[in-house]
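Okay, so here's the structure we're looking at.
Pasting the structure below:
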């Protein structure tokens with residue numbers, strides 16, 4: 001106990017702080033994940049977008065984002081926590097009504113939620129990869145965090161929010177991060193338009209080992225996201241962790257099986273997509289369902305999202321890295337699965353879903369919430385994207401797109417590619433000064 005700051009659970013505090021560090025790893029991880037998927041001339045462009053997001057969103061979150069997300073109000077938190085005012089101490093007396101349930105220091109909760117907020121905009125960058133101006137992306141990220149993410153987080157995560165009062169459950173961000181981010185990704189893919197040459201030109205992943213490194217780090221960090229969302233080192237956290245593993249594993253296998261059935265081979269890229277799909281789908285349900293249900297959710301998500309990934313060509317939608325299928329599809333599926341599989345036997349603070357005698361009440365709340373989130377995110381993201389287009393211009397010039405974002409936006413290259421002639425010249429031994437002198441004397 002720290003006098004003047006109330007009493008908090010030391011074990012819970014340690015776990016939340018450790019989980020905060022794990023969640024932070026997810027943003028560099030998605031940078032590697034996306035970096036390996038794009039063409040080699042755009043690697044640094046994608047990585048820079050993700051890393052810059054850490055700086056932009058962290059400051060925005062501390063200034064007004066956290067206040068909008070967890071301040072007082074049914075539709076939007078106000079400015080009562082702006083600049084983290086009043087959040088520097090633990091307040092057991094209800095001074096911060098929306099945070100009165102915490103058994104960890106408020107700043108630990110602020111930091112944990114900050115890392116989740118940092119991760120969300122990176123999903124949008126994946127769908128719009130290889131054509132988004134860097135400065136326009138930075139401004140978009142700042143506006144989107146305040147106008148979309150913080151608003152949706154308040155609806156669902158805050159006890160004051162209307163969706164929370166309705167009874168909707170989202171354990172770790174399946175609705176707030178993934179359905180929300182996936183809808184925003186859909187909007188920006190539409191606003192920005194197709195890449196030059198798509199779909200006639202092949203836009204293949206250029207570095208699959210980098211994709212797998214990103215996948216491994218995402219999987220690792222996800223245990224902090226789901227386990228840490230329990231805000232305690234207890235049985236719910238343990239259940240969330242094992243459910244995360246089972247959901248991801250089941251989806252990975254389901255994706256590969258469907259892929260092999262359809263195309264004759266299971267691919268490395270498919271394994272990566274499958275694992276991430278399972279992680280996404282189990283996120284809203286991790287602390288509310290049994291391990292068996294988590295496995296079922298993963299299997300369903302892997303199969304459904306693998307099939308959904310092929311629909312973008314039908315709709316002429318250039319979702320560069322399949323963010324819509326994986327995150328919007330997986331997030332919506334996982335959110336609705338809570339209404340089916342949730343049980344109070346796992347988490348007494350939750351509710352019983354349809355399959356556990358709870359009727360349609362929870363499923364209805366989940367459906368209303370996810371529809372509202374997707375609609376709001378899509379519409380407001382289109383408006384924000386249109387605004388940044390007017391102010392800065394969203395798309396790079398066609399010549400810059402052809403050259404690649406690495407050179408045109410950052411003046412750098414991820415790889416120094418030596419042409420064959422240069423390699424042969426480089427392999428030819430350079431004559432010494434003495435031999436040159438002998439040649440001249442002759």
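Residue numbers (the UniProt record's numbering): 1 to 442.
Using N, Cα and C, we set each Cβ at its ideal position, and we do this for glycine too.
- Fully contained in the segment 279 to 350 are the following alpha helix (DSSP H) runs of length 4 or more, in chain order: 291 to 308, 330 to 341.
- Between residue 104 and residue 13 a beta carbon distance of about 5 Å is seen, short of the 8 Å cut, so the two are scored as contacting.
- The DSSP assignment places 134 to 144, 150 to 157, 162 to 166 as complete runs of the alpha helix (DSSP H) inside the segment 118 to 187, in order along the chain (cut-off: 4 residues).
- Sequence-distant Cβ neighbours of residue 126 in its own chain, meaning closer than 7 Å and more than five residues away, are 34, 185, 320, 321, 323.
- Boundaries of the alpha helix (DSSP H) around residue 376: 361 to 391.
- When C-beta atoms of the segment 142 to 155 are compared with those of the segment 172 to 184, three or more pairs fall below 8 Å, so the two segments count as touching.
- For residue 62, the closest of 409, 311, 114 by C-alpha to C-alpha distance is 114.
- In the DSSP annotation of this structure, the continuous segment of the alpha helix (DSSP H) that includes residue 44 starts and ends at 43 to 60.
- In this structure residue 285 is in contact with residue 297, their Cβ atoms being roughly 6 Å apart against a cut-off of 8 Å.
- For residue 36, the enclosing alpha helix (DSSP H) covers residues 10 to 37.
- Per the coordinates, the alpha-carbon of residue 143 lies some 13 Å from the alpha-carbon of residue 68.
- Looking at the backbone, the Cα of residue 258 and that of residue 373 are separated by about 30 Å.
- Within the same chain, 217, 220, 221 come within 7 Å of residue 25 by CB-CB distance, once the 5 residues on both sides are set aside.
- Ranking 271, 386, 227, 310 by CA distance to the CA of residue 282 puts 227 first.
- Taken through DSSP and simplified to helix, strand or coil, residue 74 comes out as coil.
- Cα atoms of residue 214 and residue 416: separation of roughly 22 Å, rounded to the nearest angstrom.
- Taking the Cα positions, residue 318 is about 12 Å away from residue 325.
- Between residue 15 and residue 303, the beta carbon gap of about 34 Å keeps them out of contact (Cβ cut-off 8 Å).
- Annotated three-state conformation of residue 395 is strand, per DSSP.
- From the listed residues 112, 206, 230, the smallest Cα separation to residue 268 is found for 206.
- Collapsing the DSSP output to three states places residue 416 in coil.
- Residue 220: member of the alpha helix (DSSP H) spanning 208 to 228, first to last residue.
- Three or more beta-carbon pairs separated by less than 8 Å are not found between the segment 42 to 62 and the segment 242 to 252, which leaves the two stretches without contact.
- By the Cβ-count criterion, residue 349 is exposed, with fewer than 16 other Cβ atoms from all chains shown falling within 10 Å of its own Cβ.
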